[in-house]
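Residue numbers (the numbering used here), protein chains in the order written: chain A, 68 to 302; chain B, 2 to 100. Worksheet for the structure shown next.
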């Protein structure tokens, strides 16, 4: 994008970001895995901020129970693939973003190939097992993960580098954890999903710009009934 | 004389141990998400015996052990064998995995 176009579109990003940083975002590649309550909102924020290459993956389609919190879910899109809806939304927001979507679920057989060329992978998944699979693939590909998880009005965010212990510090040793957390009992509220997605987007931008403080080996925990916001040391 | 000193020392040690066992400390306890229903009254400044482990605290409060995934003491992750100290801030979290 030419400097004049860039200045107009991203006028309100300046001077929180410099022109050089904006250009850096434009050449950055982020993959978002899971396009529900977290992923849909992360997708929206990164596209608006100007991340130039987005890869969007989710095998699911929208259902009525998604309407309470998933930004991309609309009544007329029930039954529609989430990944395709996300791509359409990005195209509508920012046609300069190069976006690819894959309507498929991830597992050990396809994760590495999907993520290997990305600068950052956004973990917006909803099962703990798949998060461990993602960490294994990201370690092999030497790519950092920004992970978010929610239950009710509680959420947590962390950033995992390839050499870090990561999920083991949060969920226990691989294979000794449940595949889902207490969200199966609490459900998920819209304001909490968007809050955690915003924190994940912030971590992603800091990683891409090599700026600010990261939640590496730390877990940000929030609980919105009690206005609890704490950053815990995991090691 | 030596025997008497030995006996006196033994008595003193026993008394100090008894005092140590009886000493109470105060902690701040926070329980999150589905654990919050187990929160006792006076969770801020909760009185417990000195030397209580987190495992014992979880038992005493009545939380099924398997529901606790993360233990934070004063903002740092710990395991359930940690011995609680006066003024510790304790946070217990269940597994959270939704997206």
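C-beta: ideal position from N, C-alpha, C; glycine also.
Residue i versus residue j - alpha carbon distance
i: residue 96 (chain B); j: residue 68 (chain B); result: 8 angstroms
i: residue 257 (chain A); j: residue 289 (chain A); result: 14 angstroms
i: residue 50 (chain B); j: residue 61 (chain B); result: 11 angstroms
i: residue 160 (chain A); j: residue 114 (chain A); result: 7 angstroms
i: residue 136 (chain A); j: residue 24 (chain B); result: 50 angstroms
i: residue 265 (chain A); j: residue 120 (chain A); result: 19 angstroms
i: residue 229 (chain A); j: residue 79 (chain A); result: 34 angstroms
i: residue 117 (chain A); j: residue 87 (chain A); result: 12 angstroms
i: residue 82 (chain B); j: residue 89 (chain B); result: 14 angstroms
i: residue 26 (chain B); j: residue 41 (chain B); result: 16 angstroms
i: residue 214 (chain A); j: residue 280 (chain A); result: 16 angstroms
i: residue 168 (chain A); j: residue 150 (chain A); result: 6 angstroms
i: residue 253 (chain A); j: residue 73 (chain A); result: 43 angstroms
i: residue 189 (chain A); j: residue 295 (chain A); result: 24 angstroms
i: residue 53 (chain B); j: residue 66 (chain B); result: 16 angstroms
i: residue 237 (chain A); j: residue 146 (chain A); result: 34 angstroms
i: residue 99 (chain A); j: residue 152 (chain A); result: 14 angstroms
i: residue 225 (chain A); j: residue 179 (chain A); result: 21 angstroms
i: residue 71 (chain B); j: residue 125 (chain A); result: 29 angstroms
i: residue 81 (chain A); j: residue 227 (chain A); result: 29 angstroms
i: residue 157 (chain A); j: residue 163 (chain A); result: 9 angstroms
i: residue 28 (chain B); j: residue 291 (chain A); result: 22 angstroms
i: residue 99 (chain B); j: residue 105 (chain A); result: 9 angstroms
i: residue 9 (chain B); j: residue 75 (chain B); result: Confidence at residue 9 (chain B) is low in this model, with a pLDDT of 47, below 50, so its placement is unreliable and the value that follows should be read with caution. Cα to Cα, residue 9 (chain B) sits roughly 40 angstroms from residue 75 (chain B).
As assigned by DSSP and simplified to three states, the class of residue i
i: residue 89 (chain A); result: helix
i: residue 200 (chain A); result: helix
i: residue 92 (chain B); result: strand
i: residue 256 (chain A); result: coil
i: residue 60 (chain B); result: helix
i: residue 97 (chain A); result: strand
i: residue 31 (chain B); result: strand
i: residue 73 (chain B); result: strand
i: residue 267 (chain A); result: helix
i: residue 3 (chain B); result: In this prediction, residue 3 (chain B) scores a pLDDT of 48, lower than 50, which makes its location untrustworthy; the coordinate-derived value is nonetheless stated afterwards. DSSP places residue 3 (chain B) in helix when its eight states are reduced to three.
i: residue 68 (chain B); result: helix
i: residue 285 (chain A); result: strand
i: residue 296 (chain A); result: strand
i: residue 53 (chain B); result: coil
i: residue 47 (chain B); result: strand
i: residue 78 (chain B); result: strand
i: residue 99 (chain B); result: strand
Chain B contact residues for residue i, given Cβ-Cβ distances below 7 angstroms
i: residue 252 (chain A); result: 35
i: residue 168 (chain A); result: Those do not exist, as residue 168 (chain A) stays about 17 angstroms from chain B at its closest Cβ, beyond 7 angstroms.
i: residue 245 (chain A); result: 96
i: residue 301 (chain A); result: 78
The ligand HEM heavy atom lying under 6 angstroms from the CB of residue i
i: residue 71 (chain A); result: Because no ligand of any kind appears in the structure shown, any question about the ligand HEM cannot be addressed here.
Minimum Cβ-Cβ distance from residue i to chain A less than 7 angstroms
i: residue 91 (chain B); result: no
i: residue 55 (chain B); result: no
Listed by chain order, chain B residues near residue i by CB distance under 8 angstroms
i: residue 297 (chain A); result: 73, 76, 92
i: residue 255 (chain A); result: 99
i: residue 139 (chain A); result: Per Cβ cutoff of 8 angstroms: no residues; residue 139 (chain A) is ~13 angstroms from chain B at best.
i: residue 191 (chain A); result: 100
i: residue 236 (chain A); result: 78
8 angstroms Cβ cut-off: residues of chain A touching residue i
i: residue 97 (chain B); result: 216, 217, 218, 221, 222, 223, 248, 249, 250
i: residue 38 (chain B); result: Going along chain A, no residue has its Cβ under 8 angstroms from residue 38 (chain B), so there is no contact; the nearest lies around 11 angstroms.
Neighbour flag for residue i against chain B, beta carbons, 7 angstroms
i: residue 125 (chain A); result: no
i: residue 103 (chain A); result: yes
i: residue 316 (chain A); result: Because chain A in this structure spans residues 68 to 302, residue 316 (chain A) falls outside the shown range and cannot be described.
i: residue 195 (chain A); result: yes
Neighbour list for residue i in chain A, Cβ cutoff strictly below 9 angstroms
i: residue 86 (chain B); result: In chain order: nothing, as chain A lies at least about 17 angstroms away.
Contacts that residue i makes with chain B (C-beta to C-beta distance below 9 angstroms)
i: residue 106 (chain A); result: 100
Under 7 angstroms by beta carbon: chain A residues contacting residue i
i: residue 66 (chain B); result: The premise fails here: residue 66 (chain B) is roughly 13 angstroms from chain A at the closest Cβ pair, so nothing lies under 7 angstroms.
i: residue 27 (chain B); result: Neighbours of residue 27 (chain B) on chain A: none; closest Cβ ~20 angstroms, over 7 angstroms.
Whole alpha helix (DSSP H) elements within the region 177-235 of chain A, 4-residue minimum: Listed in chain order, the complete alpha helix (DSSP H) runs (minimum 4 residues) inside the region 177-235 of chain A are 178-182, 195-208.
Entirely enclosed beta strand (DSSP E) segments - the region 103-190 of chain A, minimum 3 residues: Fully enclosed beta strand (DSSP E) runs of 3 or longer: 120-124, 165-169, 187-190.
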